[in-house]
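Structure first, then comments.
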Amino acid sequence: METKEARVLIITIIAKILCLAVLVHADTDDEIAYQTGGTETTKFGQAKSVRYLLYDVNPGEGFNLRRDVYMRVTTLVQELNKEEPWVLVLPPWGRLYHWKSPDLEQIKIPWSTFFDLPSLRQHVPVIEFEEYLKLRGEPVIDEVYYLQSFKGGWTKWEEKMNITECNDRTGYVQDEEGSWHHWFFGYEEVYAKKFACLSYMGHATFIKPFLLKNTTGRCVMLPRAETLIHDHFGDTGYWRARRSMVFAKHLRDIGDKFRREFLDSTDEEDGTVLKDWTDMQRKHGEALGGPYVGIHLRRMDYLYAREGNLPSLKGAAKQVKKILQKYALEKVFVATDAPSEEFEEFKSYFKKSKVYRFIPSKEIKEKYKDGGVAIIDQWIAAHSRYFIGSYESTFSFRIQEEREILGFDHETTFNRFCPDDNSDCERPSQWKIVY
Ligand SMILES: Nc1nc2c(ncn2[C@@H]2O[C@H](COP(=O)(O)OP(=O)(O)O)[C@@H](O)[C@H]2O)c(=O)[nH]1
Ligand SMILES: [Mg+2]
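Each residue of the sequence shown is one higher than the one before, starting from 6 at the first, in the working numbering.
Here it is, written out as structure tokens:
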């Protein structure tokens, strides 16, 4: 009798401790946000609270390299989730060097402006920064590790990391109470509790043990995440991440409308109907594309940055005309960052063919900003029968990847403009999709 009572008592105590443990962990209601749904979760494991990974990229980097960094970070998040639940906090978009449109406030832009979040979530758990702030109930980031390269460069590549002093000015400043302040995407109220510089040479997942064992904060931020390199560039994992980065529907719709109205291009006729990315696996050549040549004519800072590797406007027109003839096409769609005078000059070299550029309405520009307009350009260019990109432009690379996903023949995708004095220039590398 006594022993039975004692047993009941012990069981009750254990149950209470377990309950308490869960309560202690669930200090905010964020666990609730990540229930997978359904009531059939009967297995009891150790209750682990969700942790958050936030990152940022070197302020000088453009939109399309940032997309690549996102992919590397998702590889890390996937690996972390094999051990305990981690959610990726999406760094708000803003203050990009190329986003120069006057009268537009281009900060604190959520990812949903540009990408389809449900699609991203089919790859890794993600939330917007503002959602994180709401869930957390306090504008705090627990630990910040500013990634930097090892001082003095390197002669031998090896994976290593070390908390060291900061090589450069980081922009993070500490107040009297010990809190750290920074631009933090324009959220002035946000502060960090801890800050350190982390010299790093390695793949993205090399930091995993450090995050699991050496950090305890609920939210860890990694500025300069471009320091993390791809674990496996171009493999199935790379392409899963890439495929999950589906553009927001409102942007695709605008691009599709333009294709229909000006370029005689519809998905049904062109073989480019989009499916849920997890079910979509199209063979090369299944996509035909709309009856137009799509080009990405990178100008502006590239005229200096890639001097000697870009054609003149006249030279570019000449190369396009050759393709129009070869494929018996009459229309050209131009995605470009060129000012209108340059576009007009380019257009003037065509006598018979029609040359189009997407010009956003005031409303579209205000709603979707320079970033959204650039995506619409990428979307339309990606659906062309034949694409020509600009030398070493990540903007062009992302279009080529989009075409790989859609199922175009390589011949029509991996092409670039040659400089005027070398019409036989090297073709871009062919990063073919794998499933
Ligand atoms: N709308 C539009 N913007 C462009 C185009 N090309 C470049 N840009 C802008 O310039 C930026 C170029 O930076 P980035 O994305 O890093 O590509 P990269 O510099 O060409 O490798 C883009 O993100 C756009 O903001 C274009 O064809 N159309
Ligand atoms: Mg760039």
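For every residue, glycine included, the Cβ atom is placed at its ideal position computed from N, Cα and C.
The structure displayed is predicted, hence computed values, not measured ones.
Where residue i falls: helix, strand or coil (DSSP)
| i | result |
| --- | --- |
| A230 | helix |
| T418 | coil |
| A26 | Reliability fails at A26, whose pLDDT of 38 lies under 50, so the model's placement of it is uncertain and no value is given. |
| Y243 | helix |
| I259 | helix |
| T41 | Unreliable positioning characterises T41 in this predicted model, as indicated by a pLDDT of 39, which lies under 50. A coordinate reading is not provided. |
| I212 | helix |
| A31 | In this predicted model, A31 has a pLDDT of only 37, less than 50, meaning its place in the structure is not dependable; the value taken from the coordinates is given anyway. Correct three-state label for A31: coil. |
| A310 | helix |
| A197 | strand |
| E36 | With a pLDDT of 37 at E36, under the threshold of 50, the modelled position of this residue cannot be trusted; read the value that follows with caution. Helix, per DSSP. |
| F119 | coil |
| L279 | coil |
| Y440 | coil |
| F413 | coil |
| F238 | coil |
| G191 | helix |
| T8 | For T8, the predicted structure reports a pLDDT of 47, less than 50, and the residue's modelled location is therefore unreliable. The matter cannot be settled from this model. |
| P424 | coil |
| E266 | helix |
Residue i - partner residues in DSSP beta bridges
| i | result |
| --- | --- |
| T169 | C202 |
| K359 | K336 |
| I393 | I300 |
| W441 | Because the chain spans 6 through 440 in this model, residue 441 falls outside it and cannot be assessed. |
| F400 | According to DSSP, F400 bridges with nothing at all. |
| I114 | W98 |
| V225 | L58 and E148 |
| T160 | Looking at the DSSP assignment, T160 forms no beta bridge with any residue, so it has no partner. |
| F252 | F120 |
The alpha helix (DSSP H) enclosing residue i, as first and last residue numbers
| i | result |
| --- | --- |
| A292 | Per DSSP, A292 belongs to no alpha helix (DSSP H) and is neither H nor E. |
| I380 | K367 to A387 |
| D272 | D272 to D275 |
| T100 | Note that residue 100 corresponds to Arg in the displayed sequence, not to Thr. R100 -> no alpha helix (DSSP H), and no H or E assigned at all. |
| Y75 | F68 to L85 |
| L58 | Taken as a continuous stretch (DSSP letters only), L58 belongs to no alpha helix (DSSP H), being part of the beta strand (DSSP E) at R56 to Y60. |
| Q324 | L318 to K331 |
| K218 | No alpha helix (DSSP H) contains K218, which DSSP labels as neither H nor E. |
| E350 | S345 to S353 |
Residue i beta carbon near ligand 2 (any heavy atom closer than 7 Å)
| i | result |
| --- | --- |
| G67 | yes |
| L70 | yes |
Cβ-heavy atom distance, residue i to ligand 1, below 7 Å
| i | result |
| --- | --- |
| W104 | yes |
| D342 | yes |
| D73 | no |
| T399 | yes |
| H289 | no |
| H415 | no |
| H128 | no |
| V298 | no |
| R264 | no |
| V378 | yes |
| D382 | yes |
| D281 | no |
| D375 | yes |
| H301 | yes |
Boundaries (first-last residue) of the beta strand (DSSP E) holding residue i
| i | result |
| --- | --- |
| Q153 | V145 to Q153 |
| V94 | W91 to L95 |
| E133 | V131 to E133 |
CB-CB length for residue i against residue j, believed under 8 Å
| i | j | result |
| --- | --- | --- |
| I234 | L203 | No, I234 and L203 are not in contact; Cβ-Cβ is about 15 Å, not under 8 Å. |
| T283 | Q83 | In fact, because the Cβ distance is near 15 Å, the residues do not count as touching under 8 Å. |
| K199 | V145 | Wrong, their Cβ atoms sit about 11 Å apart, outside the cutoff. |
| V94 | Y137 | 5 Å |
| F338 | Y297 | 5 Å |
| I393 | F422 | 6 Å |
| G294 | F413 | 6 Å |
Any chain C beta carbon closer than 8 Å to residue i
| i | result |
| --- | --- |
| T277 | Reference to chain C is not applicable here, since this structure consists of a single protein chain. |
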